[in-house]
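Residues in the sequence shown are numbered consecutively from 421, following this note's numbering. Even for Gly, the Cβ is constructed at its ideal location relative to N, Cα and C.
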Amino acid sequence: MPIPYSLLDLAPISEGSGVKDALENSRKLAVQAERDGYERVWLAEHHGMRGVASSATSVVLSHIGHATSTIKIGAGGIMLPNHSPLVIAEQFGTLAALFPERIELGLGRAPGTDMATARALRRNLQSDVDNYPQDIRELQSYFDAPSETSPIMAIPGQNTHIPLWLLGSSLYSAQVAAKMGLPYSFASHFAPEHLFDAISVYRNLFTPSVQCAEPKVMAGVMVVVADTDDEAEYWFTSVKQQFMNMRRGLNKPFAKPVRDLSQICTAEDEFMLANVLRYALVGSKNTVAERLEQFASSTTIDEIIVSMPIFDIDARLKSVNLFADIAAKAN
């Protein structure tokens with residue numbers, strides 16, 4: 421069965437550039453993805469990160485929505501405990517009015533930032549997480565027809581029936597998605613530890629819903645495709661540096677690639693990178709095609725969403741195009 425392929429974008433702010441450049445690159449990326457047959461482009465909510473420009477996710481979605489015409493666009497995801505469900509319903513209801521039949525909403529429960537910034541978002545860390553399933557149901561109700569018994573309405577929002585996805589990297593998120601009958605996207609591109617167990621739990625516990633009659637699983641994967649394996653590995657050193665910086669508590673822009681990562685990479689870094697990036701698809705078209713087939717067959721996923729943070733925008737657009745060719749031939 422064909423596996424739809426989608427694109428996850430964090431609007432990376434590269435070293436030596438700024439937010440405006442990152443947002444323009446996101447526009448170019450979405451246009452390229454639409455041209456190359458990607459199913460969707462998602463933007464992710466992160467806050468206070470020097471290398472990410474997608475914090476105002478719904479605003480950036482409007483930016484790329486106006487630059488495209490057919491591709492689905494959405495959040496991958498909105499960290500729901502950071503927000504009032506009503507505000508999210510109004511924001512995405514507005515997007516649905518601007519871009520009919522194209523808007524999707526992926527939801528997560530992590531802060532998407534450090535604890536100090538989370539508190540600045542007015543987030544009550546423990547109680548907000550505990551209310552996560554209740555907040556999802558409240559959000560769903562705002563996208564339905566207005567209730568005669570409730571004085572609260574999402575305008576825009578009501579009657580849009582925006583499709584929801586639940587995002588996660590744990591067995592808990594798999595259980596919530598299954599019990600609510602929602603499609604599930606697993607963050608194996610940065611937290612792969614529980615991938616197989618989470619998929620199993622989700623499929624075994626799935627309860628059909630109005631939105632989903634059958635379980636649907638999408639997995640995230642880091643991807644860099646270039647003309648040669650060596651060139652792809654060179655561009656991928658930016659991603660590796662990003663994870664190394666996170667491990668060391670360093671908040672930096674997206675780093676320039678380096679020819680010899682061993683000069684700045686410790687043994688502990690190497691162990692961490694091998695674990696976190698175990699499913700990354702990096703190399704030439706032939707190399708990535710082979711690894712994609714292995715990943716898809718071993719995980720029994722229904723869809724794949726790829727993250728391609730590459731320092732050079734031209735190399736990034738080329739990688740988007742090359743992967744589309746690989747995925748189309750695989751299907």
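Is it a yes or a no for the segment 570-587 touching the segment 510-521, going by three-plus beta-carbon pairs under 8 Å? Judged by Cβ distances under 8 Å, the segment 570-587 makes contact with the segment 510-521, as three or more pairs qualify.
Enumerate, from N- to C-terminal direction, the unbroken alpha helix (DSSP H) stretches of 4 or more residues contained entirely within the segment 570-626. For the alpha helix (DSSP H) assignment, the uninterrupted runs of no fewer than 4 residues enclosed by the segment 570-626 are, from N- to C-terminal side, 591-600, 615-625.
Between the Cα of S482 and the Cα atoms of Y458, G457, V472, P520, which residue gives the shortest distance? As a working note, residue 482 is residue 62 in the sequence shown. Distances from the alpha-carbon of S482 to those of Y458, G457, V472, P520 put P520 closest.
Between the Cα of S474 and those of A594, S489, S437, S446, spot the shortest distance and give me the residue it belongs to. What you label residue 474 is simply residue 54 of the sequence shown in a count that begins at 1. Comparing Cα-Cα distances from S474 to each of A594, S489, S437, S446, the minimum goes to S446.
Do H614 and G640 have their beta-carbon atoms positioned less than 8 Å apart in this structure? As a first step, residue 640 must be located in the sequence shown, where it is residue number 220. As a first step, residue 614 must be located in the sequence shown, where it is residue number 194. No; because the gap between Cβ atoms is not below 8 Å, this pair is not in contact.
From R679 to F606, what distance separates their C-alpha atoms? On the sequence shown, residue 679 is found 259 positions in, with the first residue counted as 1. On the sequence shown, residue 606 is found 186 positions in, with the first residue counted as 1. Rounded to the nearest whole angstrom, the C-alpha separation of R679 and F606 is 31 Å.
Neighbourhood of K705 by C-beta distance below 8 Å, restricted to the same chain and skipping five residues each side: As a first step, residue 705 must be located in the sequence shown, where it is residue number 285. If we look at K705 and ignore the five residues flanking it on each side, its Cβ neighbours are V645, L742, D745, I746.
Check this for me: beta carbons of L587 and G496, under 8 Å apart or not? As a working note, residue 587 is residue 167 in the sequence shown. As a working note, residue 496 is residue 76 in the sequence shown. In this structure, L587 places its C-beta atom within 8 Å of the C-beta atom of G496.
Does the segment 650-662 come within contact of the segment 697-714, defined as at least 3 CB pairs closer than 8 Å? Result yes; three or more Cβ-Cβ pairs closer than 8 Å.
Determine the DSSP secondary structure at E395, reduced to helix, strand or coil. Here the chain comprises residues numbered 421 to 751, so residue 395 is not present and cannot be evaluated.
DSSP-derived helix/strand/coil call for D429: Here residue 429 refers to the residue found at position 9 when the sequence shown is read from its first residue. If DSSP states are grouped into helix, strand and coil, D429 belongs with the strands.
E710 lies in the alpha helix (DSSP H); which residues open and close that run? As a working mapping, residue 710 is identified with position 290 in the sequence shown. Residues 705-719.
Simplified DSSP state of V678, which is helix, strand or coil: Numbered from 1 along the sequence shown, position 258 holds the residue referred to as residue 678. Coil at V678, not helix or strand.
Got a sec: is the Cβ-Cβ distance from T719 to anything in chain D below 8 Å? Here chain D cannot be found, since the structure has a single protein chain.
Mapping the DSSP letters down to three states, classify I498 as helix, strand or coil. Here residue 498 corresponds to residue number 78 of the sequence shown, with the count starting at 1. Three-state result, I498: strand.
Just to confirm before moving on: does the CB-CB distance between V630 and L428 stay below 8 Å? In the sequence shown, counting from the first residue as 1, residue 630 sits at position 210. In the sequence shown, counting from the first residue as 1, residue 428 sits at position 8. Not closer than 8 Å, so no.
Note down the Cα distance separating Y552 from R529, rounded to an integer number of angstroms. The count along the sequence shown starts at 1 and reaches residue 552 at position 132. The count along the sequence shown starts at 1 and reaches residue 529 at position 109. When rounded, the distance between both Cα atoms is 7 Å.
What did DSSP end up calling V637 once you bin it into helix, strand or coil? By one-based count along the sequence shown, residue 637 stands at place 217. Note: V637 maps to strand in three-state DSSP.
Assign R557 to buried or exposed, taking buried as 16 or more other Cβ atoms, counted over all protein chains shown, within 10 Å of its Cβ. What you label residue 557 is simply residue 137 of the sequence shown in a count that begins at 1. Label assigned to R557: exposed.
Burial state of L527 (16 or more Cβ within 10 Å): On the sequence shown, residue 527 is found 107 positions in, with the first residue counted as 1. Here L527 is buried. Its C-beta has 16 or more other C-beta atoms within 10 Å.
For the beta strand (DSSP E) holding L670, just list the boundary residues, first then last. In the sequence shown, residue 670 corresponds to position 250, counting from 1. Per DSSP, L670 lies in no beta strand (DSSP E) and is assigned neither H nor E.
Range of the contiguous beta strand (DSSP E) that encloses L525: To locate residue 525, count along the sequence shown from 1; it is residue 105. Under the DSSP assignment, L525 falls in the beta strand (DSSP E) whose first and last residues are 523-528.
Which of helix, strand or coil DSSP assigns to I725: Translated into positions along the sequence shown, residue 725 becomes position 305. Looking at I725 - three-state DSSP - the assignment turns out to be strand.
Burial state of T477, where buried means 16 or more other Cβ atoms lie within 10 Å: As a first step, residue 477 must be located in the sequence shown, where it is residue number 57. By the neighbour-count definition (other C-beta atoms within 10 Å, threshold 16), T477 is a buried residue.
If distances are taken between C-alpha atoms only, which option among A594, I619, F691 comes closest to S718? Walking along the sequence shown from the start, residue 718 turns up at place 298. When each option's Cα is compared against that of S718, the closest is I619.
Contacts around A565, its chain only, beta-carbon distance under 8 Å, and the 5 residues preceding and following it disregarded: What you label residue 565 is simply residue 145 of the sequence shown in a count that begins at 1. Counting only Cβ-Cβ distances below 8 Å, and skipping sequence neighbours, we find Q578, N579.
Along the chain, where does the alpha helix (DSSP H) that runs through I423 open and close? Mapped onto the sequence shown, residue 423 falls at position 3. Counting along the chain, I423 falls outside any alpha helix (DSSP H), and DSSP gives it neither H nor E.
Are the Cβ atoms of G494 and T537 separated by less than 8 Å? Within the sequence shown, residue 494 is the residue found at index 74, counting from 1. Within the sequence shown, residue 537 is the residue found at index 117, counting from 1. Cβ atoms of G494 and T537: not closer than 8 Å.
Given a threshold of 16 other Cβ atoms within 10 Å of its Cβ, counted over all protein chains shown, does R470 qualify as buried or as exposed? Along the sequence shown, read from residue 1 onward, the residue named residue 470 stands at position 50. Exposed, by the Cβ-count rule.
Quick check: what's the CA-CA separation for A598 versus L591? Counting from 1 along the sequence shown, the entry for residue 598 is found at position 178. Counting from 1 along the sequence shown, the entry for residue 591 is found at position 171. In this model, A598 and L591 are separated by some 10 Å (Cα to Cα).
Reducing DSSP to helix, strand and coil, say where V630 ends up. Numbered from its first residue, the sequence shown carries residue 630 at position 210. Three-state DSSP puts V630 in coil, outside helix and strand.
Are the CB atoms of V708 and V643 within a distance shorter than 8 Å? The residue labelled residue 643 in the question sits at position 223 within the sequence shown. The residue labelled residue 708 in the question sits at position 288 within the sequence shown. Yes, they are a contact pair.
Tell me the DSSP secondary structure of I493 in three-state form. Within the sequence shown, numbered from 1, the residue matching residue 493 stands at position 73. Strand at I493.
Determine the direct distance from the alpha carbon of D456 to that of L712, and round the result to whole angstroms. Your numbering for residue 712 matches position 292 in the sequence shown. Your numbering for residue 456 matches position 36 in the sequence shown. When only Cα atoms are considered, L712 and D456 end up about 18 Å apart.
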